[in-house]
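Participant:
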Amino acid sequence: MPAAPDSITSPQNPRIKNLLKLQQKSSERRQQNLTIIEGHRELTIAHQAGVAVQALFVCPELATDAQLRELETLFGALPERFSVSKAVFEKVAYREGSDGVLALVRPPHRTLSDLDLPPNPLLLVLEAVEKPGNLGAILRTADAAQADAVIICDPRTDLYNPNAIRSSIGCIFTVPTVATTRQELLAWCAEKGIRTYAAALTPQARPYTQLDFRGPTAFVMGTEADGLTPELREACYQTIIIPMAGYIDSLNVSTATAILTFEAVRQRG
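Put into structure tokens, the structure is as follows:
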């Protein structure tokens with residue numbers, strides 16, 4: 025990529041200071057309606073998904089020639105492009121072995137009414153998700169399985185936390201993702217005729233292999249620490265379990281979500 029109009033060599037540069045604030049504070053991300061994508065692959069996926077890139081920061085010492093050429097093709101007309109020295113870039117990079125590409129983007133914001141669902145949707149619902157790594161892993165599952173949406177009830181982390189973007193490898197931009205409340209979700213699923221399956225260890229729970237997920241389906245998953253709230257669990261159509269043959273009685277939430285999701289995919293043929 026040819027030299028950007030401006031070159032940043034000081035960590036005291038106001039733009040660098042703002043990047044750090046956006047990385048560290050969800051309040052800043054909400055107030056500015058911006059977030060950060062680090063990584064050439066993640067940025068390319070986001071761009072293909074139509075995400076609006078506001079500014080691009082590139083370290084020519086870390087990015088490969090092939091990446092620089094591709095970035096020039098994709099963002100050569102972007103007014104806000106900056107070349108960043110290696111020392112400064114390493115201060116704002118939040119991943120090890122960074123490839124020297126970072127972008128400031130305006131994340132999409134959707135509501136349940138924005139979702140354009142097929143007649144037989146497959147949805148993944150997470151209640152009170154708080155670990156960006158789990159959210160990212162589930163978004164990768166949703167992308168791979170072509171789930172129709174990921175819905176977060178009462179989230180404890182903002183959806184576009186840079187660590188969630190990194191963990192999802194950019195899939196948070198390829199899968200329609202919505203934050204809502206428990207009450208709104210349940211009313212919306214009832215209106216749409218979507219059956220909600222709560223993953224929870226209860227006496228009434230049935231093994232997931234015994235159920236038919238070929239109709240409109242939403243898998244409802246809780247946190248690893250607390251599981252689903254009783255209110256949401258009891259409001260769901262059916263409680264399901266993944267039978268466990270060993271000493272433990274539960275799986276990582278992202279692993280459990282993947283098992284259920286791909287069973288639905290298998291049933292749908």
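Just so you know, we're using the numbering used here here: the sequence shown kicks off at 25 and counts up by one. Just so you know, even glycine gets a beta-carbon here, dropped at the ideal spot from N, CA and C. Small disclaimer: the values here were computed from a predicted structure and weren't measured.
1) Assess contact between the region 90-107 and the region 162-171, defined as three or more Cβ pairs (one per stretch) separated by less than 8 Å. Is contact present?
2) Looking at the secondary structure, which residues open and close the beta strand (DSSP E) in which F243 lies?
3) Thinking C-beta only, is V202 closer than 8 Å to T135?
4) Which value, in whole angstroms, describes the spacing of the CA atoms of L43 and R65?
5) Do S107 and G157 have their C-beta atoms closer together than 8 Å?
6) Measure the C-alpha to C-alpha separation of P29 and A288 and round it to an integer number of angstroms.
7) Identify which residue in T241, S51, G246 has its Cα closest to the Cα of T279.
8) I need the DSSP call for C83, collapsed to helix, strand or coil.
9) Between I40 and K216, what straight-line distance do the alpha-carbon atoms span, to the nearest angstrom?
10) Based on the DSSP output, what are the partners of L128 in its beta bridges?
11) Helix, strand or coil for E114 per DSSP?
12) For D172, which residues in the same chain have their Cβ closer than 8 Å to its Cβ, ignoring the five residues on either side in sequence?
13) Could you tell me whether the region 205-214 touches the region 120-127, where touching means 3 or more Cβ pairs closer than 8 Å?
14) Let me know the beta strand (DSSP E) ranges lying completely inside the region 143-192, each 3 residues or longer, listed in chain order.
15) Per DSSP, what kind of secondary structure is N276 in: helix, strand or coil?
16) Can you name the start and end residues of the beta strand (DSSP E) that R257 belongs to?
17) With a threshold of 7 Å (Cβ to nearest heavy atom), would S278 be considered close to the ligand NAD?
18) Are the region 69-78 and the region 125-135 touching, with three or more C-beta to C-beta distances below 8 Å?
19) Let's test the definition: count the other Cβ atoms within 10 Å of the Cβ of K155 and tell me whether it reaches 16, buried, or not, exposed.
20) Helix or strand or just coil, what does DSSP make of F99?
Facilitator: According to the data block:
1) no
2) Along the sequence shown, read from residue 1 onward, the residue named residue 243 stands at position 219. Segment 241-245, the beta strand (DSSP E) holding F243.
3) As a first step, residue 135 is located in the sequence shown; it is residue number 111 there, counting from the start. As a first step, residue 202 is located in the sequence shown; it is residue number 178 there, counting from the start. Their beta carbons are under 8 Å apart, which means T135 touches V202 by this criterion.
4) The sequence position of residue 43 within the sequence shown is 19, counting from 1. The sequence position of residue 65 within the sequence shown is 41, counting from 1. Rounded to whole angstroms, L43 to R65 spans 20 Å at the Cα level.
5) In the sequence shown, the residue the question calls residue 107 occupies position 83. In the sequence shown, the residue the question calls residue 157 occupies position 133. In this structure, G157 does not lie closer than 8 Å to S107 by Cβ.
6) On the sequence shown, residue 29 is found 5 positions in, with the first residue counted as 1. On the sequence shown, residue 288 is found 264 positions in, with the first residue counted as 1. Legend: pLDDT at P29 = 48, less than 50; position of this residue unreliable, value from coordinates given subsequently. Near 50 Å, if we compare the C-alpha coordinates of A288 and P29.
7) Locating residue 279 in the sequence shown gives position 255, counting from the first residue. Among T241, S51, G246, the Cα nearest to that of T279 is on G246.
8) Locating residue 83 in the sequence shown gives position 59, counting from the first residue. Here C83 sits in coil by DSSP.
9) Counted from its first residue, the sequence shown places residue 40 at position 16. Counted from its first residue, the sequence shown places residue 216 at position 192. Cα to Cα, I40 sits roughly 46 Å from K216.
10) Within the sequence shown, residue 128 is the residue found at index 104, counting from 1. Partner(s): I60, A79.
11) Indexing the sequence shown from 1 puts residue 114 at position 90. Correct three-state label for E114: helix.
12) Locating residue 172 in the sequence shown gives position 148, counting from the first residue. Within the same chain, D172 has close Cβ partners L139, L141, P142, P145, L146, L147, P200.
13) no
14) 146-151, 173-177
15) For this step, residue 276 is matched to residue 252 along the sequence shown. The answer is coil: DSSP assigns N276 none of H, G, I, E or B.
16) Position 233 of the sequence shown holds residue 257. Premise fails: R257 lies in the alpha helix (DSSP H), 254-259, not in any beta strand (DSSP E).
17) Of ligands this structure carries none, so the ligand NAD is not represented either.
18) yes
19) Walking along the sequence shown from the start, residue 155 turns up at place 131. Label assigned to K155: buried.
20) If you number the sequence shown from 1, residue 99 lands on position 75. DSSP places F99 in helix when its eight states are reduced to three.
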